[in-house]
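**Student:**
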Amino acid sequence: MQTHIRQIGNSKGVIIPAAFLAEAGFKDKVEISLKNQQVVITPAPSDKKELRIGWFDNYNSEKDIDAWQGFVELPSEQEEWEW
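Residue numbers (the working numbering): 150 to 232.
Listed below in structure tokens is the structure:
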């Protein structure tokens, strides 16, 4: 597909058809890089669907049982507050 480069303020831009954006999985942010004299546009890390897959695969909730042990309440936390 060919398209025109358009003036946008002091910069230039290319209009990308919505169908292309949807098929590529783009959201609001992208990363732009230059490789072998070609402009490459990829989804920003926060938009990649697989970004957080597997984060909790090895999570062991048993290790968190005593996480708050040793923390002491402040006197201000023990008093009744007036709002």
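By construction, the Cβ of each residue, glycine as well, lies at the ideal position given by its N, Cα and C atoms.
Could you tell me the boundaries of the alpha helix (DSSP H) in which Leu-170 lies?
**Tutor:** Note, Leu-170: alpha helix (DSSP H), 167-173.
**Student:** Would you mind stating whether Pro-192 and Lys-176 have Cβ atoms separated by less than 8 Å?
**Tutor:** Yes, the pair counts as a contact, with Cβ atoms nearer than the cut-off.
**Student:** Secondary structure at Gln-186, three-state DSSP: helix, strand or coil?
**Tutor:** Reduced to three states, the DSSP call for Gln-186 is coil.
**Student:** Going by DSSP, name the residue or residues bridged to Ile-181.
**Tutor:** Paired residue(s): Ile-190.
**Student:** What residues are listed by DSSP as bridge partners for Gln-156?
**Tutor:** Answer is Lys-161.
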